[in-house]
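Student: Top to bottom, those sequences are chains A and B.
Going by the UniProt record's numbering, 5 is the number at position 5 of the first sequence; the sequence numbering is gapless.
Going by the UniProt record's numbering, 75 is the number at position 75 of the second sequence; the sequence numbering is gapless.
Glycine included, each C-beta is placed from N, C-alpha and C at the ideal position.
Got a structure for you, written out below as structure tokens; questions coming shortly.
There are 2 protein chains.
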Amino acid sequence: MELLDVNCCAPLSREPLTARQAVDLAAAFKALGDPVRLRLFSLIASHEGQEACVCELTGEFDVSQPTISHHLKVLREAGLLTSERRASWVYYRVRAEALDALGRLLGTPVG
Amino acid sequence: MELLDVNCCAPLSREPLTARQAVDLAAAFKALGDPVRLRLFSLIASHEGQEACVCELTGEFDVSQPTISHHLKVLREAGLLTSERRASWVYYRVRAEALDALGRLLGTPVG
Numbered sequence: 001m002e003l004l005d006v007n008c009c010a011p012l013s014r015e016p017l018t019a020r021q022a023v024d025l026a027a028a029f030k031a032l033g034d035p036v037r038l039r040l041f042s043l044i045a046s047h048e049g050q051e052a053c054v055c056e057l058t059g060e061f062d063v064s065q066p067t068i069s070h071h072l073k074v075l076r077e078a079g080l081l082t083s084e085r086r087a088s089w090v091y092y093r094v095r096a097e098a099l100d101a102l103g104r105l106l107g108t109p110v111g
Numbered sequence: 001m002e003l004l005d006v007n008c009c010a011p012l013s014r015e016p017l018t019a020r021q022a023v024d025l026a027a028a029f030k031a032l033g034d035p036v037r038l039r040l041f042s043l044i045a046s047h048e049g050q051e052a053c054v055c056e057l058t059g060e061f062d063v064s065q066p067t068i069s070h071h072l073k074v075l076r077e078a079g080l081l082t083s084e085r086r087a088s089w090v091y092y093r094v095r096a097e098a099l100d101a102l103g104r105l106l107g108t109p110v111g
């Protein structure tokens with residue numbers, strides 16, 4: 001799947017989505033549509049630099065590290081996170097432009 | 001399930017969600033996480049008065065009216081639409097405050 005196109009769409013309140021636009025965007029919303037995954041995403045989004053190491057996330061949840069890693073993969077594949085390995089750890093960072101694009105899509109357009 | 005609490009949360013980039021907040025919000029995102037449902041929602045959101053009759057929506061999709069009605073029910077139960085019967089038709093309206101709340105949640109906070 002392509003990464004979410006951050007310039008794809010006007011706000012929903014202005015113009016309906018095409019079938020094609022809806023596919024990628026629905027994948028992003030679906031990725032946010034699980035309580036653990038959404039909370040995980042909110043932890044990274046509110047962390048310094050909108051970035052966190054798996055090692056900083058695992059302690060917050062009653063689920064195993066492989067489950068956390070699976071959720072992070074889903075968020076990455078939906079275009080909401082990027083990842084980078086540094087030494088022994090993988091760091092996940094919010095794709096801020098994707099988050100902004102979703103915010104604009106749902107928000108009230110100005111003017 | 002309770003309707004989505006439109007005042008529940010700070011933007012994700014400012015503060016992580018609690019487990020409880022994440023449950024209702026994830027349900028709203030999950031409702032938007034299907035391409036047909038998301039496009040259906042965008043048609044209503046961009047329609048005059050952010051409102052549409054089932055009779056105005058069915059023609060846009062290659063799916064049956066019962067399927068459309070099912071998708072509308074999922075969106076309503078997630079707190080994204082309200083519905084009202086007038087004469088023979090049910091009208092669906094976007095819960096604008098819920099849409100705004102999701103937009104604020106994902107958008108970049110001002111200030």
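#1: Ordered along the chain, which non-local residues of its own chain (more than five positions away) have a Cβ less than 6 Å from that of W89(B)?
#2: Please go through the segment 6-50 of chain B and give each complete alpha helix (DSSP H) segment of 4 or more residues, from N-terminal end onward.
#3: Out of L25(B), T67(B), L38(B) and R39(B), which has the shortest C-alpha to C-alpha gap to D34(A)?
#4: Is H71(B) buried or exposed, if buried means 16 or more other CB atoms sit within 10 Å of its CB?
#5: Does S42(B) get closer than 8 Å to chain A when you measure Cβ to Cβ?
#6: Within 10 Å of its beta-carbon, does G107(A) have 16 or more other beta-carbons around it, so buried, or fewer, so exposed?
#7: Does the beta carbon of A87(A) come closer than 8 Å to any beta carbon on chain B?
#8: Where does R95(A) sit, in a helix, a strand or coil, going by DSSP?
#9: I'd like to know if R93(B) contacts chain A, where contact means its C-beta is closer than 8 Å to some C-beta of that chain.
#10: By DSSP, does A87(B) sit in helix, in strand, or in coil?
#11: Rounded to a whole number of angstroms, what is the C-alpha to C-alpha distance between P16(B) and S46(A)?
#12: Quick one, are the C-beta atoms of L99(A) and Y92(A) less than 8 Å apart?
#13: Alpha carbon to alpha carbon, how far is G103(B) from G103(A)? Give it in angstroms, no decimals.
#14: In this structure, what does DSSP give as the bridge partners for A78(A)?
#15: Pop quiz: F29(B) and F29(A) are said to be a contact at Cβ under 8 Å. What is the actual Cβ separation, rounded to whole angstroms?
#16: Skipping 5 residues on each side, what residues in its chain have a beta carbon closer than 7 Å to that of L38(B)?
#17: Give me the Cβ distance between V94(B) and I44(B), rounded to the nearest whole Å; I'm assuming they're in contact under 8 Å.
#18: Return yes when the Cβ of F41(A) is within less than 8 Å of the Cβ of residue 125(B), no when it is not.
#19: Give a single yes or no on whether Q21(A) has its beta carbon closer than 7 Å to a heavy atom of the ligand ATP.
#20: Quick one, which of A22(B), V36(B) and V23(B) has its alpha-carbon nearest residue 115(A)'s?
Tutor: This is what the structure gives:
#1: Position 89 of the second sequence, counting from 1, holds the residue named residue 89(B). Within the same chain, W89(B) has close Cβ partners C53 and C55.
#2: Look at the segment 6-50 of chain B and you find these whole runs of alpha helix (DSSP H), each 4 residues long or longer: 19-31 and 35-46.
#3: Numbered from its first residue, the first sequence carries residue 34(A) at position 34. Nearest of L25(B), T67(B), L38(B) and R39(B) to D34(A), Cα basis: L25(B).
#4: Numbered from its first residue, the second sequence carries residue 71(B) at position 71. It is buried - the Cβ of H71(B) has at least 16 other Cβ atoms within 10 Å.
#5: Taking the first residue of the second sequence as 1, we reach residue 42(B) at position 42. Taking Cβ atoms only, chain A reaches closer than 8 Å to S42(B), which makes this a yes.
#6: On the first sequence, position 107 is the one that residue 107(A) refers to. Residue burial is scored here from C-beta neighbours: G107(A) has at least 16 other C-beta atoms within 10 angstroms and is therefore classed as buried.
#7: Counted from its first residue, the first sequence places residue 87(A) at position 87. No, A87(A) lies away from the interface with chain B (no Cβ there is under 8 Å from its Cβ).
#8: Within the first sequence, numbered from 1, the residue matching residue 95(A) stands at position 95. Reduced to three states, the DSSP call for R95(A) is coil.
#9: By 1-based counting over the second sequence, the position of residue 93(B) is 93. No - not a single Cβ of chain A is within 8 Å of the one on R93(B).
#10: Locating residue 87(B) in the second sequence gives position 87, where the first residue counts as 1. Coil.
#11: Taking the first residue of the second sequence as 1, we reach residue 16(B) at position 16. Taking the first residue of the first sequence as 1, we reach residue 46(A) at position 46. Near 6 Å, if we compare the C-alpha coordinates of S46(A) and P16(B).
#12: Within the first sequence, residue 99(A) is the residue found at index 99, counting from 1. Within the first sequence, residue 92(A) is the residue found at index 92, counting from 1. With contacts defined by Cβ atoms closer than 8 Å, L99(A) and Y92(A) do not form a contacting pair.
#13: Reading the first sequence from its first residue, position 103 is the one you call residue 103(A). Reading the second sequence from its first residue, position 103 is the one you call residue 103(B). Using only the alpha carbons, I get a separation of about 4 Å.
#14: Locating residue 78(A) in the first sequence gives position 78, where the first residue counts as 1. None; A78(A) has no bridge partner.
#15: Taking the second sequence and counting its residues from 1, one reaches residue 29(B) at position 29. Taking the first sequence and counting its residues from 1, one reaches residue 29(A) at position 29. With 8 Å as the limit, F29(B) and F29(A) qualify as a contact, their Cβ atoms being about 5 Å apart.
#16: To locate residue 38(B), count along the second sequence from 1; it is residue 38. Closer than 7 Å at Cβ, skipping near neighbours: L32.
#17: To locate residue 94(B), count along the second sequence from 1; it is residue 94. To locate residue 44(B), count along the second sequence from 1; it is residue 44. Yes, they are in contact, since the Cβ atoms of V94(B) and I44(B) sit about 6 Å apart, within 8 Å.
#18: This structure cannot speak to residue 125(B), because chain B is shown only from 1 to 111.
#19: Of ligands this structure carries none, so the ligand ATP is not represented either.
#20: The first residue shown for chain A is 1 and the last is 111, placing residue 115(A) beyond what the model contains.
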